[in-house]
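Notes for the one structure printed next.
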Amino acid sequence: MESIEKENNTSGFRSIAMKVTLVLLAINMNFVWIQKSHAQDEITELDSISGFQPLNLALLAKFYGDSVVLRWAPKDPLFWKESNKAGYMIHRFTVDESISGKEPTKILLTESPVLPWSLETWQVRAEVGDTLAAMAVKILFEENLVETENMSMENILNMKIQQENLFGMALMLADNSPRIAEGLGLRLVDKEIEKGKVYVYTLHALVNNEYFKSDTAAVLVETQELLPPPVLPPITVEQLDKAVRFSWDRSLSEAFFSAYFIERSTDNGNSFQKISNVPIIQPEARNAELDNSMIFLTDSLPQNYFQYHYRIFGITPFGEAGAKSEILTVMGRDLTAPIPPDALLAENLPNNEVRINWTKNEFEPDFKGFLIGRSQNIEGPYIPLHDLLLEKNKNEFIDKEAIGHGTNYYVVAAIDTAGNSGLSVPAYVIMKDEAPPAMPIGLNGTIDSTGVVQLYWELGTEPDLMGYLVYYAHSPEHPFTPISEDFVADNSFADSIALQTLSKKIYYKIAAFDKNRNPSPYSEILELTKPDLVPPVPAVFSDYRSFSDRVYLSWIPSSSEDLDRQLLFRRENDNDWELIQTFEKEVEVFTDSTLVRGPQYEYGIVSVDDSGLESEMSFSLSVRLIDSGQRREIESFEIQLLEENGTIKLQWNYSETRDFYFVVYRNENDSGLLSYKLLEPEVRELEDNVLVQGQYEYGIKAVFDDGGESPMKRSQRVRVGIQ
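Everything in the sequence shown is counted per the working numbering, starting at -6 for the first residue and increasing by one.
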């Protein structure tokens, strides 16, 4: 009761029914609207709600084999109060009769409005000792706060909360008891049904006053088959210290259930007992910061490290139990951490060693030992410094691998036998930094055509790195002069040099410094070549030869001294140029075997110097392959005499893919090879059974659509019918 008042529950029925009914209504009303021309007068009520969603009602229905049970609920506590006075009218339409063009049958199921039971009826029908029924009576006949002209805002708010709480509790009781639902005027059983029918039920709230108007809800029911009990969504189990918490998706669950029962077994699942006599509900919390997407139910455990078995099932708005979940095995675990160590001190020793001291005055019965951790940040993560726990009588540890130039934070964890840890407050130690940074690596750079130098290198990983100084010289043997006015904190630097000088190269090196001004060794010297602004002279083709399957090219390379490489381009029938090969500067010849017969090809060469400057393309050379008409030879050609019927079987292989066909020749008794058969390109064998006694020889070749032919492939001779 207290949880309902705090959370302002309006029962699981409201959330379930609102979602399900609106979907059914949208589907069913479209069908009814189509049928209204057949029986306009008979379906006025359906027509009035066609395409209309109820504002204050939610309606559910379930087929039970011999009957249909209707359950409904108002969506507003004030509308509920008014509906209890006015009542509800219910009609049933047999929708499937209208499919054949017949008028839908309309039946009024309630001759008089459905109302809550009177107090006298409750006294007769309620069982003695039914506390839930007694609670429903108290809610139903509870006098509301009397509104007066001088009512304060606080009283108005209290009255609203009271009405919402009573309303939510009434719907919760109706969800969990069919008899109470009937007594509250929220349930009706229709036993005058036929199997295999499709019905639409409409529920009319007869409220009509200055605050509320009559409202209507509808639901579709198919009496084909009984639906199995609904099941809960997948359940997550969280094992705690002498407790267990179950959770599952709220939206998936509340589509079917409004309350839940939890059963527990202490005898390895042989028998189960409910942990509460009344269903458990968990309404959505008003606090927006809480997670309302999940339902969380917690049960306390008598002891840790003992196996308990649980089953959970839901209660539907029809007061029925859903399918029970699979058995969930849980075990409570000790999650209580030991008292953490205190008075933690860290002292820097010679050789970058650190001594850590601590105290622990109280030792728990399950205390096991200590673990030391170190981090470069106070927030962590802290890395353990040893594999085995220190014994409980220890209170000192020497870290021989402390980072001399870093920030070293230490914690001491007290560990128990269950693995729980009590963590001390971190202690910081000031290190005496005498080690210089590592030598910088990865120094590289470029010079552009305007003389701007861009230097970059790999950034050092030292935590106390302050920056770098950059030095230059015109010769590696000359003294290097610093050019950076201050430490460079990044891993790049820009310089500007004159290009019109006698020296073609310039040299750089850098050194790293830490915050104690300790310098690193110099980096390796970087040599940069000043850019050449004059592109190389183009190459010149000197000769070529064209064959049936390749082209041989020769040329005179560029005469520029700084020539670095040569790029050979090709294009086909005036299409775009395509780079086909890159050569060293000494190469003068090339054979291109990737051509096909027919197209016109052009070649051109671009020369590139060691500064990346490119020449203009050489004068192009146009070539075309010579077509001799000869094509690839057939790979194999075998014949076999089939003795049983005097048939000769021919088989061959050919891997050509261009358009062609096969021509088979036959020499019968030395009459010469004559054309015998034309075959499709995919054929690879032939049986010749139109034979007379004599000597036979065969030949085969491929004839291409472009006029080319493969060489004739001849077989050995075979004798037929001659012993």
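From the three backbone atoms N, C-alpha and C, an ideal C-beta is built for every residue, glycine too.
Between residue i and residue j, what straight-line distance do the alpha-carbon atoms span, to the nearest angstrom?
i, j, result
"residue 86", "residue 154", "39 Å"
"residue 208", "residue 285", "30 Å"
"residue 631", "residue 710", "11 Å"
"residue 381", "residue 235", "29 Å"
"residue 540", "residue 700", "18 Å"
"residue 270", "residue 61", "29 Å"
"residue 588", "residue 662", "44 Å"
"residue 78", "residue 202", "12 Å"
"residue 180", "residue 410", "58 Å"
"residue 158", "residue 287", "22 Å"
"residue 72", "residue 164", "13 Å"
"residue 512", "residue 350", "34 Å"
"residue 134", "residue 205", "21 Å"
"residue 523", "residue 441", "8 Å"
"residue 719", "residue 655", "Residue 719 lies beyond the stretch modelled for the chain, which goes from -6 to 716, so this question has no answer here."
"residue 571", "residue 479", "50 Å"
With which residues is residue i paired in a DSSP beta bridge?
i, result
"residue 597", "562"
"residue 499", "521"
"residue 181", "63"
"residue 54", "63"
"residue 314", "308"
"residue 643", "632 and 679"
"residue 232", "237"
"residue 461", "481 and 505"
"residue 404", "366"
"residue 217", "In the DSSP output, where bridge partners are listed per residue, residue 217 has none listed."
"residue 421", "402"
Does the distance from the C-beta atom of residue i to that of residue j stay below 8 Å?
i, j, result
"residue 169", "residue 312", "yes"
"residue 363", "residue 383", "yes"
"residue 692", "residue 706", "yes"
"residue 64", "residue 310", "yes"
"residue 467", "residue 499", "yes"
"residue 296", "residue 262", "no"
"residue 378", "residue 396", "no"
"residue 177", "residue 222", "no"
"residue 318", "residue 304", "yes"
"residue 546", "residue 562", "no"
"residue 352", "residue 334", "yes"
"residue 487", "residue 453", "no"
Taking all protein chains shown into account, decide if residue i is buried (16 or more other Cβ within 10 angstroms of its Cβ) or exposed.
i, result
"residue 84", "buried"
"residue 391", "exposed"
"residue 680", "exposed"
"residue 127", "exposed"
"residue 197", "buried"
"residue 612", "exposed"
"residue 291", "exposed"
"residue 247", "buried"
"residue 421", "exposed"
"residue 275", "buried"
"residue 356", "exposed"
"residue 161", "buried"
"residue 298", "exposed"
"residue 146", "exposed"
"residue 184", "exposed"
"residue 659", "buried"
"residue 538", "exposed"
Name the residue from the options whose alpha carbon lies nearest to the alpha carbon of residue i.
i, options, result
"residue 252", "541, 277, 236 and 259", "277"
"residue 640", "682, 264 and 710", "682"
"residue 130", "234, 465, 172 and 487", "172"
"residue 532", "560, 543 and 439", "560"
"residue 725", "490, 599 and 288", "Lying outside -6 to 716, the shown extent of the chain, residue 725 is not represented and no answer is given."
"residue 555", "535, 537 and 579", "579"
"residue 402", "347, 303, 209 and 534", "347"
"residue 104", "81, 504, 526 and 318", "81"
"residue 393", "437, 415, 387 and 343", "343"
"residue 470", "501, 228, 441 and 303", "501"
"residue 213", "504, 194 and 476", "194"
"residue 218", "55, 643, 708 and 452", "55"
"residue 674", "650, 267, 629 and 604", "650"
"residue 182", "440, 250 and 102", "102"
"residue 485", "530, 448, 504 and 478", "448"
"residue 430", "352, 551, 458 and 405", "458"
"residue 385", "358, 230 and 596", "358"
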